[in-house]
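Trainee:
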Amino acid sequence: YQGLREDLADDPRTAAVRRVVFASRMDHMGWREKLNFALMHNMQDGHWLPWFQQDKQNRKLHRRYLKFKQVLARGRNFPPEITLSVDDVAAIVYSYGRSGPPLPIPLTHRNLASNALQLRHWLPESRPGAERFLAQQPLSLAYGLTGLLHLGVYLGATLILIPETHIPQLLKTIKKLQPTYFPTTPPIIQQLAHTPGVRKFGLASIRVCAVGGAPLPLEIREMFEKITRGRLVEAYGLAEASPAVIAMPLAGRRQSGVVGLPLPDTEAKIVDVDSGATLPPEKVGELWVRGPQVFAGYDGTSERSAVATAKILNDGWLATGDIASMDENGFFTLIERKENMLLRNGQRIFPRQIEDILYEHPAIALARVKREQDAQGNVNLRAVVTLHRNLSTNEEELMKYCTKRLPQGVLPDSIVIENTDT
Numbered sequence: 001y002q003g004l005r006e007d008l009a010d011d012p013r014t015a016a017v018r019r020v021v022f023a024s025r026m027d028h029m030g031w032r033e034k035l036n037f038a039l040m041h042n043m044q045d046g047h048w049l050p051w052f053q054q055d056k057q058n059r060k061l062h063r064r065y066l067k068f069k070q071v072l073a074r075g076r077n078f079p080p081e082i083t084l085s086v087d088d089v090a091a092i093v094y095s096y097g098r099s100g101p102p103l104p105i106p107l108t109h110r111n112l113a114s115n116a117l118q119l120r121h122w123l124p125e126s127r128p129g130a131e132r133f134l135a136q137q138p139l140s141l142a143y144g145l146t147g148l149l150h151l152g153v154y155l156g157a158t159l160i161l162i163p164e165t166h167i168p169q170l171l172k173t174i175k176k177l178q179p180t181y182f183p184t185t186p187p188i189i190q191q192l193a194h195t196p197g198v199r200k201f202g203l204a205s206i207r208v209c210a211v212g213g214a215p216l217p218l219e220i221r222e223m224f225e226k227i228t229r230g231r232l233v234e235a236y237g238l239a240e241a242s243p244a245v246i247a248m249p250l251a252g253r254r255q256s257g258v259v260g261l262p263l264p265d266t267e268a269k270i271v272d273v274d275s276g277a278t279l280p281p282e283k284v285g286e287l288w289v290r291g292p293q294v295f296a297g298y299d300g301t302s303e304r305s306a307v308a309t310a311k312i313l314n315d316g317w318l319a320t321g322d323i324a325s326m327d328e329n330g331f332f333t334l335i336e337r338k339e340n341m342l343l344r345n346g347q348r349i350f351p352r353q354i355e356d357i358l359y360e361h362p363a364i365a366l367a368r369v370k371r372e373q374d375a376q377g378n379v380n381l382r383a384v385v386t387l388h389r390n391l392s393t394n395e396e397e398l399m400k401y402c403t404k405r406l407p408q409g410v411l412p413d414s415i416v417i418e419n420t421d422t
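Under this note's numbering, the first residue of the sequence shown is numbered 1, with each subsequent residue one higher.
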């Protein structure tokens, strides 16, 4: 009901409760959502509400309060009049990945069905009726909605639902239920790859692992593939595109940071950050995408929704806000979020550049670069690294290592070593 709350907050029109229907499904509404459906007494058809105690004794319901069975009985006399089209809204998700408060993203039946079909063709060797999807991602987000629920239904797959991402429990579930397809995120892959004794949980059943949301270091990918003997590939998407738009083919070449080729019936291009002009291959700019899975604009009547829509949509092209490049063969490489780009002495700097170099150091297990602002308002880049067990180095040595491999203007301002990886 978070989406309902945000949708109402984004809409200046008022809302009021006209009729309350009692149904046992209220058990699943969740007390944290504070919709005031606190339960006092069980009935055969539903529950009593605390503000409805005056009718509790005589079991007579006010005309504004119905039992669910009554609603069903009345509805049998009214045949449904369905006038839906493929361009009607099927679901509303939210733009949690973008800066600022989330915006409502209406996705149509065309958007969602197209994306499920595109993903089906991306998995040509999938076995309808025989696959087992490990659903670790929430189905309420676009990633889980399309990549798990819709694709799973399309393939007749078994969905293994994971209520919480707790690594020990996740491993026990993998060992017991033997999933074959696992869409997830880099942090989960990193935790699994570095879990002591992970091989004993039988991860070899996983044939395909699709990773999105952030670049995955080459070392982590290779480590995970040795454990599973399956194929781990990077993919790219965003909620405004239902969400998948680019993915690496399951066979063929791979390279760190390369997220792949556009999905079927999807166009992608790199444009200049300032002018919006289309750039040739090998040039760095903002990634724009277009296809049947791309939404038509943010929902809501607020000025903020209208401004945000105008900012990212241009003749069907969706400005993703991600900095990327395309090579001569049409493969796309993600570099950084546009908002993370730092301009220093006229030179564009991306934290990802520093992280990639640090990951090449044999002693480093994990690396991340943070933006920090000092008292004078200057933005500094601080690299935080975790070392492999039984390997050592120091901040001075790592800074020298970066100096040899990075341009002077791209160097981190400081490097900090955290606890050794266990």
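Glycine is no exception: its CB is placed at the ideal position from the N, C-alpha and C atoms.
On the criterion of 16 or more Cβ atoms from any shown chain inside 10 Å, does D356 qualify as buried, or is it exposed?
Mentor: Numbered from its first residue, the sequence shown carries residue 356 at position 356. Answer is buried; the Cβ neighbour count reaches 16.
Trainee: Taking three-plus beta-carbon pairs below 8 Å as touching, is the segment 329 to 342 in contact with the segment 260 to 274?
Mentor: In short, these stretches touch, since the Cβ pair count reaches three.
Trainee: For the segment 94 to 109 and the segment 124 to 137, state whether three or more C-beta atom pairs, one from each stretch, are separated by less than 8 Å.
Mentor: The segment 94 to 109, when compared against the segment 124 to 137, does not touch it at the 8 Å Cβ threshold.
Trainee: Please work out which residues of its chain come closer than 8 Å, Cβ to Cβ, to T146, disregarding the five sequence neighbours upstream and downstream, and give them in chain order.
Mentor: The residue given as residue 146 occupies position 146 in the sequence shown. For T146, where only same-chain residues beyond five positions count, the Cβ hits under 8 Å are L112, N115, A116, L119, S242, P243, A244.
Trainee: Starting from L261, trace the beta strand (DSSP E) both ways and give me its first and last residue.
Mentor: Position 261 of the sequence shown holds residue 261. Looking at the DSSP string, the run of the beta strand (DSSP E) that includes L261 is 258 to 262.
Trainee: Just the C-alpha distance for G423 and M326, rounded to the nearest angstrom, thanks.
Mentor: Examination of residue 423 is not possible in this model, given that the chain is present from 1 through 422 alone.
Trainee: Kindly indicate the opening and closing residues of the beta strand (DSSP E) around F133.
Mentor: Here residue 133 is taken as the residue at index 133 of the sequence shown, counted from 1. Run containing F133: 132 to 135, per the beta strand (DSSP E) assignment.
Trainee: Return the CA-CA distance between V284 and R348, expressed in angstroms with no decimal places.
Mentor: Walking along the sequence shown from the start, residue 284 turns up at place 284. Walking along the sequence shown from the start, residue 348 turns up at place 348. Those two C-alpha atoms are separated by around 10 Å.
Trainee: Can you say whether Q137 is buried or exposed, counting buried as having 16 or more other CB atoms within 10 angstroms of its CB?
Mentor: As a working mapping, residue 137 is identified with position 137 in the sequence shown. Buried, by the Cβ-count rule.
Trainee: Under three-state DSSP, which class holds V294?
Mentor: Here residue 294 is taken as the residue at index 294 of the sequence shown, counted from 1. Three-state DSSP puts V294 in coil, outside helix and strand.
Trainee: Using alpha carbons as the reference points, say which of D88, I415, L134, R304 lies closest to P351.
Mentor: Translated into the one-based positions of the sequence shown, residue 351 becomes position 351. Closest by alpha carbon: I415.
Trainee: Going by Cα to Cα distance, which pick from S305, A324, G297 is closest to L313?
Mentor: If you number the sequence shown from 1, residue 313 lands on position 313. That would be G297, whose Cα lies nearest to the Cα of L313.
Trainee: Look up Y143 in the DSSP assignment and give the residues it is bridged to.
Mentor: Residue numbering aside, residue 143 sits at position 143 when the sequence shown is read from its first letter. Bridge partners of Y143: none, in fact.
Trainee: What's the gap between the Cα of A310 and the Cα of P280?
Mentor: Indexing the sequence shown from 1 puts residue 310 at position 310. Indexing the sequence shown from 1 puts residue 280 at position 280. Between A310 and P280, the C-alpha separation is close to 25 Å.
Trainee: How is the beta strand (DSSP E) around A363 delimited, first residue to last?
Mentor: Here the question's residue 363 lines up with position 363 in the sequence shown. Looking at the DSSP string, A363 is not in any beta strand (DSSP E), and its letter there is neither H nor E.
Trainee: Quick check on the burial criterion: 16 or more other C-beta atoms within 10 angstroms. Buried or exposed for D322?
Mentor: Indexing the sequence shown from 1 puts residue 322 at position 322. Flag for D322 reads buried.
Trainee: Measure the beta-carbon distance from L342 to V379 and round it to whole angstroms, keeping in mind my assumption that it falls under 8 Å.
Mentor: Stepping through the sequence shown from its first residue, residue 342 is reached at position 342. Stepping through the sequence shown from its first residue, residue 379 is reached at position 379. Between V379 and L342 the Cβ distance is about 6 Å, and since that is below 8 Å, they are a contact.
Trainee: Which full runs of the beta strand (DSSP E) of 3+ residues lie inside the segment 80 to 118, going along the chain?
Mentor: Counting only runs of 3 or more, we get 89 to 94, 104 to 108.
Trainee: Is I354 closer than 8 Å to L381 when the C-beta atoms are compared?
Mentor: For the purposes of this step, residue 381 is identified with residue 381 of the sequence shown, where counting begins at 1. For the purposes of this step, residue 354 is identified with residue 354 of the sequence shown, where counting begins at 1. Against a cut-off of 8 Å, the Cβ pair of I354 and L381 comes out as a contact.
Trainee: What are the complete alpha helix (DSSP H) segments, minimum 4 residues, inside the segment 209 to 262?
Mentor: Runs found: 218 to 228.
Trainee: Give me, in chain order, the residues of the same chain whose beta-carbon lies closer than 8 Å to that of L148; leave out the 5 immediate sequence neighbours on both sides.
Mentor: In the sequence shown, residue 148 corresponds to position 148, counting from 1. The residues are F133, A135, Q137, L139, L159, P183.
Trainee: At which residues does the beta strand (DSSP E) containing M399 begin and terminate?
Mentor: As a working mapping, residue 399 is identified with position 399 in the sequence shown. Note, M399: premise wrong, no beta strand (DSSP E); alpha helix (DSSP H) at 395 to 405.
Trainee: Can you list, in chain order, the residues of its chain whose CB lies under 7 Å from that of H121, leaving out five sequence neighbours each side?
Mentor: Taking the first residue of the sequence shown as 1, we reach residue 121 at position 121. For H121, where only same-chain residues beyond five positions count, the Cβ hits under 7 Å are P264.
Trainee: Run through the DSSP bridge pairs and tell me what K445 is partnered with.
Mentor: Not covered by the structure: residue 445. The range shown for the chain is 1 to 422.
Trainee: Would you mind giving the Cβ-Cβ distance between G202 and K172, rounded to the nearest angstrom? I have them listed as a contact below 8 Å.
Mentor: In the sequence shown, counting from the first residue as 1, residue 202 sits at position 202. In the sequence shown, counting from the first residue as 1, residue 172 sits at position 172. Actually they are not in contact, since the Cβ atoms of G202 and K172 sit about 10 Å apart, beyond 8 Å.
Trainee: Examine the Cβ distances between the segment 80 to 98 and the segment 267 to 275 and report whether three or more of them are shorter than 8 Å.
Mentor: Output reads no: the segment 267 to 275 does not touch the segment 80 to 98.
Trainee: Does the segment 177 to 191 come close enough to the segment 208 to 222 to have 3 or more Cβ pairs within less than 8 Å?
Mentor: Yes: at least three Cβ pairs fall under 8 Å.
Trainee: Does DSSP classify G276 as helix, strand or coil?
Mentor: Against the sequence shown, residue 276 aligns to sequence position 276. The answer is coil: DSSP assigns G276 none of H, G, I, E or B.
Trainee: From L103, E360, G156, T320, pick the residue whose C-alpha is nearest to that of A306; which is it?
Mentor: Indexing the sequence shown from 1 puts residue 306 at position 306. Taking only the C-alpha atoms, the option nearest A306 is L103.
Trainee: Is it true that the CB of V233 sits closer than 8 Å to the CB of L250?
Mentor: In the sequence shown, residue 250 corresponds to position 250, counting from 1. In the sequence shown, residue 233 corresponds to position 233, counting from 1. Going by C-beta atoms, L250 is nearer than 8 Å to V233.
Trainee: Is N314 helix, strand or coil when you go by DSSP?
Mentor: Here the question's residue 314 lines up with position 314 in the sequence shown. Note: N314 maps to strand in three-state DSSP.
Trainee: Once you ignore the five residues that flank P179 on each side, which residues in its own chain have a CB closer than 7 Å to its CB?
Mentor: Here residue 179 refers to the residue found at position 179 when the sequence shown is read from its first residue. Once the five neighbours on either side are set aside, the close Cβ partners of P179 are R132, F133, L134, I160, S205, I206.
Trainee: To the nearest angstrom, how far is it from the Cα of T424 to the Cα of K67?
Mentor: The chain is shown from 1 up to 422; residue 424 falls before or after that span and cannot be answered.
Trainee: What are the boundary residues of the alpha helix (DSSP H) that includes I167?
Mentor: For the purposes of this step, residue 167 is taken as residue 167 along the sequence shown, with counting starting at 1. Segment 167 to 177, the alpha helix (DSSP H) holding I167.
Trainee: Give me the Cβ distance between K370 and V384, rounded to the nearest whole Å; I'm assuming they're in contact under 8 Å.
Mentor: In the sequence shown, counting from the first residue as 1, residue 370 sits at position 370. In the sequence shown, counting from the first residue as 1, residue 384 sits at position 384. Confirmed, Cβ separation roughly 6 Å.
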